[in-house]
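Chains as they are written, first to last, in the working numbering: chain A, 1 to 185; chain B, 1001 to 1236.
The following block contains the structure:
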């Protein structure tokens, strides 16, 4: 199934969820739960917490599906946003629970994998984003990607990269401003 | 645009990006969420970043959640809909059930008997059955597929009356749209023939659903009314 077709099917399933169709929620779950669980797990770094959040995410999808507007958002980014927000809120409420950062993720801050190699599908769907990220300084793009994928605060990012807080803030803020200008072009 | 305006707009975009990126602390996140509610320009900026940065999620590896996860979600949904306000679509089905479900327990017993009766039809291969739950987790219908998979018998588990609407049965294979299996009767068992092109899709991956349609069935070929019961096919 190509990306376009998948997007249309997911949008159609979300419309049915909005009308109270539980079978459609199951379809959405089957199609997206591995991605959303991966996203939650990456941020929470704890399977049981990630399971709690995942349950919460689909209850939210059930309640909020009517708010999904396929003309404004793609279904998968809409779902990912819900999952990330829930997972990040959970981490922020249990402050300090994650200070033992995952080794795999810690490795990634100073030495990010080449972007093009990450996933072909992601690169194809988001060529623009990736080409704009490439224009940033290496440490800016590494910090932005790590912040997004690991759901870290400025403080946590600074600590992991072993730089002062102000430096981390300025890397990310300048990176975001430059990214914005590039994405608008 | 004056310099001050430009500064404001850049500041707004930056805050939106920081919120979406997830670098803000809990208090700042709450403040950003309140702002989404009252500041349309800020909300658009958040949507912009969610859509654009969403591409980064493509690089996060997928991890299959444990098998039990879906039943947990279903159970939580049941609790939520039993306690919370019913949503419009469900409310329709709820009143539909309330108005028409009389003597449900007697009928549930009858349909269990019917299911036992259906047992031998299933023959030597592993029989497929489904319990189609209605709002609140009560059994709405019980369905059994015959051994060849060529037909399917569906039995109402609650007594329903006449209504100027039709009930339509749908087969929903994973990742696919619903396929109509025809109209069913709310008051007696009905055996429907599975169309040839769907034979291979009748397996324990598929979901059966019953929707409330205008008399004569869905005019569009897809469910148009509320789904009043659904359940996954499972091996008996």
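The beta-carbon is built from N, C-alpha and C at its ideal position, and this holds for glycine as well.
Are the Cβ atoms of residue i and residue j separated by less than 7 angstroms?
i, j, result
"residue 1192 of chain B", "residue 1181 of chain B", "yes"
"residue 1167 of chain B", "residue 1206 of chain B", "no"
"residue 29 of chain A", "residue 1053 of chain B", "no"
"residue 17 of chain A", "residue 24 of chain A", "yes"
"residue 1132 of chain B", "residue 1140 of chain B", "yes"
"residue 180 of chain A", "residue 1056 of chain B", "no"
"residue 1060 of chain B", "residue 91 of chain A", "no"
"residue 1134 of chain B", "residue 1228 of chain B", "yes"
"residue 1024 of chain B", "residue 1033 of chain B", "no"
"residue 1022 of chain B", "residue 88 of chain A", "yes"
"residue 1212 of chain B", "residue 1189 of chain B", "no"
"residue 61 of chain A", "residue 86 of chain A", "no"
"residue 1231 of chain B", "residue 1076 of chain B", "no"
"residue 133 of chain A", "residue 141 of chain A", "yes"
"residue 1233 of chain B", "residue 1197 of chain B", "no"
"residue 14 of chain A", "residue 65 of chain A", "yes"
"residue 1063 of chain B", "residue 157 of chain A", "no"
"residue 182 of chain A", "residue 135 of chain A", "yes"
"residue 1169 of chain B", "residue 1210 of chain B", "yes"
"residue 1173 of chain B", "residue 1201 of chain B", "yes"
"residue 1045 of chain B", "residue 1069 of chain B", "no"
"residue 11 of chain A", "residue 70 of chain A", "yes"
"residue 81 of chain A", "residue 36 of chain A", "no"
"residue 43 of chain A", "residue 166 of chain A", "no"
"residue 1221 of chain B", "residue 1194 of chain B", "no"
Identify the residues that DSSP records as bridge partners of residue i: which are they?
i, result
"residue 68 of chain A", "BP columns for residue 68 of chain A are empty, so no partner."
"residue 1152 of chain B", "B:1145 and B:1192"
"residue 1169 of chain B", "B:1182 and B:1210"
"residue 1131 of chain B", "B:1142"
"residue 1230 of chain B", "B:1133 and B:1209"
"residue 9 of chain A", "In the DSSP output, where bridge partners are listed per residue, residue 9 of chain A has none listed."
"residue 1235 of chain B", "B:1128"
What distance in whole Å lies between the Cβ atoms of residue j and residue i, which are believed to be in contact at a cut-off of 8 angstroms?
i, j, result
"residue 1065 of chain B", "residue 33 of chain A", "5 angstroms"
"residue 55 of chain A", "residue 1036 of chain B", "About 24 angstroms; that fails the 8 angstroms criterion."
"residue 201 of chain A", "residue 1050 of chain B", "The structure shown has nothing for residue 201 of chain A, since chain A only spans 1 to 185."
"residue 1165 of chain B", "residue 1214 of chain B", "7 angstroms"
"residue 9 of chain A", "residue 1175 of chain B", "7 angstroms"
"residue 1145 of chain B", "residue 1127 of chain B", "7 angstroms"
"residue 93 of chain A", "residue 1040 of chain B", "With a Cβ gap of about 28 angstroms, residue 93 of chain A and residue 1040 of chain B do not count as contacting."
"residue 1014 of chain B", "residue 177 of chain A", "7 angstroms"
"residue 72 of chain A", "residue 1047 of chain B", "6 angstroms"
"residue 1058 of chain B", "residue 126 of chain A", "6 angstroms"
With a cut-off of 7 angstroms, does the C-beta of residue i fall near any C-beta of chain C?
i, result
"residue 136 of chain A", "Absent here is chain C; the protein component of the structure consists of chains A and B."
Cβ-based contacts, 9 angstroms cut-off: residues of the region 146 to 163 of chain A near chain B
147, 148, 149, 150, 151, 152, 153, 154, 155, 156 and 157
Closer than 7 angstroms, Cβ to Cβ, to anything on chain A: give me those residues from the region 1163 to 1175 of chain B, in chain order.
1172, 1174 and 1175
If we require 4 or more residues per run, which alpha helix (DSSP H) segments fall completely within the region 1023 to 1083 of chain B?
1026 to 1038, 1040 to 1053 and 1069 to 1083
Run through the region 153 to 182 of chain A for me and flag every whole alpha helix (DSSP H) of 4 or more residues, listed as ranges in chain order.
154 to 161
If you scan the region 20 to 98 of chain A from start to end, which runs of the alpha helix (DSSP H) of 4 or more residues do you find wholly inside it?
22 to 44, 47 to 64 and 75 to 93
May I ask you to list, following chain order, the residues of the region 35 to 48 of chain A that have a beta carbon less than 7 angstroms from some beta carbon of chain B?
35, 37, 38, 39, 41 and 42
Listed in chain order, which residues of the region 1219 to 1236 of chain B have Cβ atoms closer than 8 angstroms to some Cβ of chain A?
1223, 1226, 1227, 1230 and 1232
Where the region 5 to 37 of chain A meets chain B: residues whose CB sits under 9 angstroms from a CB there:
6, 9, 12, 13, 16, 18, 19, 20, 21, 22, 23, 24, 25, 26, 27, 29, 30, 31, 33, 34, 35, 36 and 37
Output, in sequence order along the chain, the residues in the region 58 to 81 of chain A whose CB is closer than 9 angstroms to any CB in chain B.
58, 59, 62, 63, 66, 72, 73, 74, 76, 77, 78, 80 and 81
Which of the residues in the region 1054 to 1068 of chain B, read from start to end, lie with their CB under 8 angstroms from any CB of chain A?
1054, 1055, 1056, 1057, 1058, 1059, 1060, 1061, 1062, 1063, 1064, 1065 and 1066
Residues in the region 1181 to 1204 of chain B having any Cβ partner in chain A nearer than 7 angstroms
none
Output needed in chain order: residues of the region 1021 to 1043 of chain B with a Cβ under 8 angstroms from some Cβ in chain A.
1021, 1022, 1023, 1024, 1025, 1026 and 1029
Check distances from the C-beta atoms of the region 1006 to 1020 of chain B to those of chain A and list, in chain order, the residues that come in under 8 angstroms.
1010, 1013, 1014, 1017, 1018 and 1020
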